[in-house]
Amino acid sequence: MVVQKYKDMLSGKSVIRQLSEFATARGQEIGYENVFDYSLGNPSVPVPQEFTDAMIRMLQEKNPMELHGYSPSLGITSVREEIAASLEKRFGIPYRKEHIFMTSAAAGALAHAFRLVTEPGDEILTFAPFFPEYHPYVDLTGAVLKVVPPNTETFQINFDALEEMLTEKVKAVLINTPNNPSGVVYSTATIKRLADLLREKSAQFGHDIYLISDEPYREIVFADVDAPCVSKFYDNTLMCYSFSKSLSLPGERIGYLAINPACPDAELMVNMSGQISRGIGHNCPPSIIQLAVAQVLELTADTSIYETNMNILYNELIKLGFTCVKPGGTFYIFPKALEEDSIAFCQKALKYDLILVPANTFGAPGFFRMAYCIATEKVERSLEALRTFVNTEYSNR
Numbered sequence: 382m383v384v385q386k387y388k389d390m391l392s393g394k395s396v397i398r399q400l401s402e403f404a405t406a407r408g409q410e411i412g413y414e415n416v417f418d419y420s421l422g423n424p425s426v427p428v429p430q431e432f433t434d435a436m437i438r439m440l441q442e443k444n445p446m447e448l449h450g451y452s453p454s455l456g457i458t459s460v461r462e463e464i465a466a467s468l469e470k471r472f473g474i475p476y477r478k479e480h481i482f483m484t485s486a487a488a489g490a491l492a493h494a495f496r497l498v499t500e501p502g503d504e505i506l507t508f509a510p511f512f513p514e515y516h517p518y519v520d521l522t523g524a525v526l527k528v529v530p531p532n533t534e535t536f537q538i539n540f541d542a543l544e545e546m547l548t549e550k551v552k553a554v555l556i557n558t559p560n561n562p563s564g565v566v567y568s569t570a571t572i573k574r575l576a577d578l579l580r581e582k583s584a585q586f587g588h589d590i591y592l593i594s595d596e597p598y599r600e601i602v603f604a605d606v607d608a609p610c611v612s613k614f615y616d617n618t619l620m621c622y623s624f625s626k627s628l629s630l631p632g633e634r635i636g637y638l639a640i641n642p643a644c645p646d647a648e649l650m651v652n653m654s655g656q657i658s659r660g661i662g663h664n665c666p667p668s669i670i671q672l673a674v675a676q677v678l679e680l681t682a683d684t685s686i687y688e689t690n691m692n693i694l695y696n697e698l699i700k701l702g703f704t705c706v707k708p709g710g711t712f713y714i715f716p717k718a719l720e721e722d723s724i725a726f727c728q729k730a731l732k733y734d735l736i737l738v739p740a741n742t743f744g745a746p747g748f749f750r751m752a753y754c755i756a757t758e759k760v761e762r763s764l765e766a767l768r769t770f771v772n773t774e775y776s777n778r
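Number 778 marks the last residue of the sequence shown (my numbering); no jumps.
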């Protein structure tokens, strides 16, 4: 007999994926260029040429076994050394290879981080709005994900609600900055206050509370935005990084878990991650992709298009009467819908070939997400559809 809990999950498929599939089907009817698809956070700018060149060069020159054979359980040693050196150079934290575990993108890093610091029944707190996949990521470990309600004025951390929920059962706090879906970047003041609170509560409860920092958008930060390195402020930080967004490599599934060297069990936890992999079928990301990203650690794709797109959309949304916190990074914007029911709002938008994602599953009913990782000319063309939608459906508001 099939396992019921996975069967039950079929009735709760990702709203984002469902809307993306709808957009694809609609595109087959009217041409995808005429569908203003803001559903899926799929990077739209090309991978850096240097990455492509590195791949070609390695395929031409290196031993095939080095490129296509199994890597060590913790990842290729030279790659871990390069990543540690890059992190130390950028953030002044003395990472070494012993603190780095190579993963299948940030999702793989999170899968290991949760299992490193929680037992079944332990609680992990995260903050709305949050990436909906956190629920299956955490729930299927046996830990319990609890969501701190949002501060909808700023989308910084709601500390009053956090302090109420931060009980002895909490073993980890999960943050995502820059944030999907809000685009907000947690400020230095926010991170300092969070770190102080976690130190206070760890001492009070007599056990460590770990800070799991989900950072796939770390490199997509806009001009003059305060974007601190989380690990600099709290010793027990587990950094979960992905190259998917910074290098436009989501299909290659490459990232790492970096455990703060100041964490007392950092090296042990990296070695434990290799054992966790045995139980979840992780078994190392591809060797050739590990070697290739190690050659472009100081580069990103040309992510400037995202700030351009954000400014176009933000300005238009404000003109049309939307309430919206201006994003500080990522490629998402998170306005408040023009009616209380954001699901109904997004359903109405479909009539205008605008694919918007209601934020109920993000823990912020009444809001919606737009993933503007699309061509700027398409963003500009979408504005007329957006104006028509608002003026037709909400002219009497």
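Even glycine gets a Cβ: it sits at the ideal position worked out from N, Cα and C.
Distance, L737 Cα to L698 Cα: 13 angstroms
query: Where does A509 land, buried or exposed, given buried means 16+ other C-beta within 10 angstroms?
result: buried
task: Compute the beta-carbon to beta-carbon distance between L506 and V551, rounded to the nearest angstrom, for a pair I have assumed lies under 8 angstroms.
output: 6 angstroms
task: Give the range of the beta strand (DSSP E) segment to which D595 is assigned.
output: 591-595
task: Out of K717, L628, G655, K700, state which residue places its alpha-carbon closest to the alpha-carbon of T684.
output: L628
query: In angstroms, rounded to a whole number, what distance separates the CA positions of P716 and L555?
result: 23 angstroms
task: Taking E596 as the reference, give the member of I590, L578, N652, F512 with the closest Cα.
output: Ranking the options by Cα distance to E596, first place goes to F512.
task: Can you tell me which of the three DSSP states R496 falls into?
output: helix
task: Would you mind working out which of H663, H516, Y713, A404 sits nearest Y687, comparing C-alpha positions?
output: Y713
field: Pick from N772, C754, L672, C727 that is closest to R438, judged by C-alpha positions
entry: L672
task: Taking F534 as the reference, give the member of I755, F748, R768 with the closest Cα.
output: At residue 534 the sequence reads Glu, which differs from the Phe that was named. Nearest of I755, F748, R768 to E534, Cα basis: F748.
message: I need the straight-line Cα distance from S383 to G523, nearest angstrom please.
response: Checking the sequence shown, residue 383 turns out to be Val, not Ser. The alpha-carbon atoms of V383 and G523 are separated by roughly 19 angstroms.
- prompt: Tell me, which residues are paired with K717 by DSSP?
  reply: F748
query: Can you tell me the Cα-Cα spacing of V771 and K729, whole angstroms?
result: Looking at the two C-alpha atoms, the distance is approximately 10 angstroms.
field: Three-state class that DSSP yields for V706 in the structure shown
entry: coil
query: What did DSSP end up calling S623 once you bin it into helix, strand or coil?
result: strand
field: Classification of S776 by the beta-carbon crowding that lies within 10 angstroms, buried from 16 upward
entry: Within a 10 Å sphere around the beta-carbon of S776 sit fewer than 16 other beta-carbons, which makes this residue exposed.
- prompt: Is any heavy atom in the ligand MG found nearer than 7 angstroms to the beta carbon of R574?
  reply: Ligands displayed in this structure: none; no statement on the ligand MG is therefore possible.
field: For N641 and G587, the rounded distance between their alpha carbons
entry: 20 angstroms
message: If the criterion is Cβ atoms closer than 8 angstroms, does the pair L638 and T484 meet it?
response: For L638 and T484, yes; Cβs fall inside 8 angstroms.
field: Which listed residue (V674, Y515, K732, K394) has its alpha carbon closest to that of I457
entry: V674
- prompt: Using CA coordinates, which residue listed in L731, P475, I661 is at the minimum distance from Q399?
  reply: For Q399, the nearest C-alpha among the options comes from L731.
- prompt: Considering only residues of the region 553-606, which uninterrupted alpha helix (DSSP H) runs meet the minimum length of 4 residues and lie entirely inside it, listed in chain order?
  reply: At a cut-off of 4 residues, the continuous stretches assigned as alpha helix (DSSP H) that sit fully inside the region 553-606 are 569-586.
query: Per DSSP, what kind of secondary structure is K759 in: helix, strand or coil?
result: helix
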